[in-house]
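A.B. asks: Residue numbers (this note's numbering), protein chains in the order written: chain A, 157 to 484; chain B, 8 to 341. Glycine included, each C-beta is placed from N, C-alpha and C at the ideal position. Here it is: the structure, laid out below.
Rendered as structure tokens:
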């Protein structure tokens with residue numbers, strides 16, 4: 157990589173889903189799925205976004221692509237603010253930003269043959285037709301390691317891993333520069349996960365792609381990402397390059413998350429000291445006051461239950477939101 | 008050490024409209040008293056069907072246990088689980104053999120309180136009175152780490168989070184001090200911090216009650232710190248079985264080797280490319296006549312395509328079903 161160039165800048169992004177109730181269906185509360193998230197992604201890098209279920213990581217991915225319109229905040233893609241764009245302007249930009257979904261069973265139309273699934277984005281954007289389209293589809297299938305002769309087959313004729321390859325081919329069809337990978341391997345068996353992750357890495361090297369890789373599996377995120385952001389209850393609690401995050405995690409949640417990841421090494425596992433957190437993630441409808449993590453935090457002090465910690469840079473390129481971490 | 012379970016040549020098939028699914032194709036293993044055995048494999052390898060067969064929980068039709076023995080030595084002497092009549096099997100199941108499934112929401116009854124579900128097992132198997140069962144159930148809820156157990160007795164499953172429900176399932180499983188607990192992917196639906204809590208709970212209960220555990224999983228990471236022995240399944244067969252350290256340090260089956268290479272791990276620097284196993288899992292509609300792993304195996308030679316490999320010794324308490332010796336780099340002798 158020559159000059160570092162910021163491809164995507166997310167500033168104080170919020171997404172609150174209203175909960176309505178009562179006779180008049182008025183809004184009575186809100187699920188604060190994403191509650192003030194900021195980060196940047198450089199061109200050509202992979203940013204991993206990890207967290208437990210309900211932390212808002214998938215919503216973040218969808219709000220960035222404007223599949224949900226945000227409640228507040230900005231998403232600057234190549235310096236253009238997506239949140240202020242009209243639907244038509246967004247449509248013209250969509251070819252540059254694509255998504256790969258978690259469930260390879262639900263994300264492909266069962267009534268469409270593979271050729272139509274992969275070629276549809278090109279038809280919708282009016283970029284290709286006829287022979288050129290067929291050639292492009294064949295090229296894409298081979299790019300993701302599928303036989304180009306499969307174009308007339310239907311999704312049910314493929315295994316989970318193959319379906320995920322079809323989803324990847326579809327995402328690549330428009331030559332995007334940025335792809336949100338939303339838990340792309342969680343539904344797959346271990347031996348197939350490795351195939352798909354290797355494919356994603358090869359494609360990144362070959363096509364210069366930029367990924368936002370969303371997952372709950374910390375060891376896989378570490379494997380594929382250059383930098384990692386850890387989310388908890390709608391907020392980023394820590395962000396650093398992967399080595400710093402794993403070697404010197406500063407936030408107590410990151411520390412316990414890393415200590416909870418099982419390692420396939422029996423001798424190491426027997427020696428390891430785990431930080432076992434109490435309880436489970438609270439509801440994002442009524443998140444705890446102060447620091448959202450304080451009810452489960454093993455080192456919380458009085459201040460944590462009253463004052464929300466600032467998300468700030470405490471070391472070069474290392475961001476943390478915790479009262480106990482002082483900027484160096 | 009005395010064996011609490013000996014499974015011999017178990018064969019289970021499903022007669023479906025698409026054809027016969029050969030789910031379990033001759034599985035044998037045994038379990039010592041108080042031992043923790045992990046059964047590892049990917050979806051469709053037959054790990055869950057093996058356990059459901061032992062418990063008489065295979066839906067029939069379409070499923071049928073075709074062959075095999077499962078000798079269980081519990082409190083009341085030795086018996087073959089596969090030969091027991093339904094009422095006797097019901098006495099064993101939930102009494103001397105407890106089980107915990109992956110999805111606690113569909114395993115618990117939504118219209119009974121969690122306390123009643125624990126008490127039900129106690130009155131059914133131990134013959135306690137309602138009052139005794141009530142007191143004992145509260146004690147069990149405390150033991151599995153549910154705060155304010157006396158109040159939570161009257162809660163319904165939907166009041167509980169996933170991790171708490173799994174704790175209730177565990178309370179039911181240990182309620183009659185079983186000799187064996189079968190846990191089928193008990194942490195797969197849970198977040199990693201909650202998974203750590205549940206694994207920790209299992210370890211504590213094992214030390215307290217001393218039951219044997221069969222832990223079924225697809226995750227080689229979770230069992231590394233929990234199991235004493237690991238059995239790897241593929242295509243409805245046992246591919247390899249070994250003591251835990253031995254299996255991770257010198258896996259002998261190319262499939263086990265591949266599985267370990269496919270895992271990203273936080274104890275290495277992370278820049279290594281993952282080893283992927285090419286191809287897809289076997290089609291179980293085809294009867295097994297050769298090594299099930301041969302089509303995906305880098306070492307397969309003629310014999311692998313002609314014969315089904317049986318378990319062969321590959322070290323101390325280490326057996327592998329493979330004709331190729333990957334350590335010596337040639338066909339296995341004998």
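Would a C-beta distance cut-off of 7 Å place residue 19 (chain B) and residue 56 (chain B) closer than the cut-off?
C.D. replies: The answer is yes: Cβ separation under 7 Å.
A.B. asks: I'd like to know whether the C-beta atoms of residue 160 (chain A) and residue 198 (chain A) end up nearer to each other than 7 Å.
C.D. replies: Against a cut-off of 7 Å, the Cβ pair of residue 198 (chain A) and residue 160 (chain A) comes out as a contact.
A.B. asks: Say whether the segment 238-254 of chain B touches the segment 23-42 of chain B, bearing in mind that this needs 3 or more beta-carbon pairs closer than 8 Å, one atom from each stretch.
C.D. replies: They touch, by the three-pair rule.
A.B. asks: My parser needs the beta strand (DSSP E) runs of 3 or more residues fully inside the segment 234-267 of chain A; what are they?
C.D. replies: With a minimum length of 3 residues, the continuous beta strand (DSSP E) runs that stay inside the segment 234-267 of chain A are 253-256.
A.B. asks: Specify the secondary structure class of residue 225 (chain A) as computed by DSSP and reduced to three states.
C.D. replies: In the structure shown, residue 225 (chain A) sits in coil (DSSP, three-state: anything other than H, G, I, E or B).
A.B. asks: Tell me where the beta strand (DSSP E) around residue 246 (chain B) begins and ends.
C.D. replies: From DSSP, the beta strand (DSSP E) with residue 246 (chain B) extends over 244-250.
A.B. asks: Considering only the alpha carbon of each residue, which of A:273, A:332, A:210 and A:330 lies closest to residue 322 (chain A)?
C.D. replies: Residue A:273 is the option with its Cα nearest to residue 322 (chain A).
A.B. asks: If contact is defined by three or more beta carbon pairs under 8 Å, each pair taking one atom from either stretch, is the segment 282-289 of chain B in contact with the segment 345-356 of chain A?
C.D. replies: Result yes; three or more Cβ-Cβ pairs closer than 8 Å.
A.B. asks: Using only CA atoms, which one of A:320, A:162, A:175 and A:204 lies nearest to residue 387 (chain A)?
C.D. replies: Answer by Cα proximity: A:204.
A.B. asks: Among the candidates A:393, A:263 and A:248, whose CA atom is the shortest distance from the CA of residue 213 (chain A)?
C.D. replies: Among A:393, A:263 and A:248, the Cα nearest to that of residue 213 (chain A) belongs to A:393.
A.B. asks: Thinking C-beta only, is residue 346 (chain A) closer than 7 Å to residue 269 (chain B)?
C.D. replies: Cβ distance < 7 Å, so residue 269 (chain B) and residue 346 (chain A) count as in contact.
A.B. asks: Mind checking residue 58 (chain B): buried by the 16 CB within 10 Å criterion, or exposed?
C.D. replies: Under this definition residue 58 (chain B) is a buried residue.
A.B. asks: Residue 346 (chain B) versus chain A: which residues are under 7 Å apart at the beta carbon?
C.D. replies: With chain B covering 8 to 341 only, the question about residue 346 (chain B) has no answer from this structure.
A.B. asks: Comparing the CB of residue 480 (chain A) with every heavy atom of the ligand FMN, is any distance shorter than 6 Å?
C.D. replies: Judged by which ligands are present, the structure shown has none, so any question about the ligand FMN falls away.
A.B. asks: Within 7 Å of any Cβ in chain A, is that where the Cβ of residue 56 (chain B) sits?
C.D. replies: It does not: the Cβ of residue 56 (chain B) has no partner Cβ on chain A nearer than 7 Å.
A.B. asks: On the three-state DSSP scale, how would you describe residue 354 (chain A)?
C.D. replies: Residue 354 (chain A): helix per DSSP, three-state reduction.
A.B. asks: Give the list of continuous alpha helix (DSSP H) stretches no shorter than 4 residues that lie fully inside the segment 255-310 of chain B.
C.D. replies: Complete alpha helix (DSSP H) runs here, min 4: 261-269.
A.B. asks: Within 10 angstroms of its Cβ, does residue 421 (chain A) collect 16 or more other Cβ (buried), or is it exposed?
C.D. replies: Label assigned to residue 421 (chain A): buried.
A.B. asks: Counting only beta-carbon separations shorter than 7 Å, does residue 371 (chain A) have a partner in chain B?
C.D. replies: For residue 371 (chain A), the answer is no, since every Cβ of chain B falls outside 7 Å of its Cβ.
A.B. asks: For residue 166 (chain B), is the classification buried or exposed, using 16 other Cβ atoms within 10 angstroms of its Cβ as the cut-off for buried?
C.D. replies: It counts as exposed.
A.B. asks: Hey, quick one: how far does the beta strand (DSSP E) through residue 203 (chain A) stretch, first residue to last?
C.D. replies: Counting along the chain, the beta strand (DSSP E) containing residue 203 (chain A) begins and ends at 202-206.
A.B. asks: Check the DSSP bridge columns for residue 26 (chain B) and list the partner residues they point to.
C.D. replies: Paired residue(s): B:23.
A.B. asks: Mind checking if residue 157 (chain A) is an interface residue toward chain B, Cβ cutoff 7 Å exclusive?
C.D. replies: In this predicted model, residue 157 (chain A) has a pLDDT of only 44, less than 50, meaning its place in the structure is not dependable; the value taken from the coordinates is given anyway. Not one chain B Cβ lies under 7 Å of residue 157 (chain A).
A.B. asks: Whose Cβ in chain A lies nearer than 9 Å to the Cβ of residue 11 (chain B)?
C.D. replies: Per Cβ cutoff of 9 Å: no residues; residue 11 (chain B) is ~23 Å from chain A at best.
A.B. asks: Start and end of the alpha helix (DSSP H) containing residue 211 (chain B)?
C.D. replies: First-last of the alpha helix (DSSP H) with residue 211 (chain B): 199-216.
A.B. asks: Have a look at the DSSP bridge pairing and note the partners of residue 331 (chain A).
C.D. replies: Partner(s): none; residue 331 (chain A) has no beta bridge.
A.B. asks: Could you name each continuous alpha helix (DSSP H) segment of 4 residues or more that falls completely within the segment 106-178 of chain B, going from the start of the chain to the end?
C.D. replies: If we require 4 residues or more, the alpha helix (DSSP H) runs fully inside the segment 106-178 of chain B come out as 111-114, 121-133, 137-150 and 156-159.
A.B. asks: Indicate the three-state DSSP secondary structure (helix, strand or coil) for residue 158 (chain A) in the structure shown.
C.D. replies: Its pLDDT being 49, under 50, residue 158 (chain A) is placed unreliably by the model, and nothing is read from it.
A.B. asks: Quick one, which of B:60, B:42 and B:14 has its alpha-carbon nearest residue 214 (chain B)'s?
C.D. replies: Cα-wise, what sits closest to residue 214 (chain B) is B:42.
A.B. asks: Ordered along the chain, which non-local residues of its own chain (more than five positions away) have a Cβ less than 8 Å from that of residue 481 (chain A)?
C.D. replies: The answer, listed in chain order, is 406, 407 and 470.
A.B. asks: Taking its Cβ as the centre, do 16 or more other Cβ atoms sit within 10 Å of residue 54 (chain B), making it buried, or is it exposed?
C.D. replies: Buried, since its Cβ has 16 or more Cβ neighbours within 10 Å.
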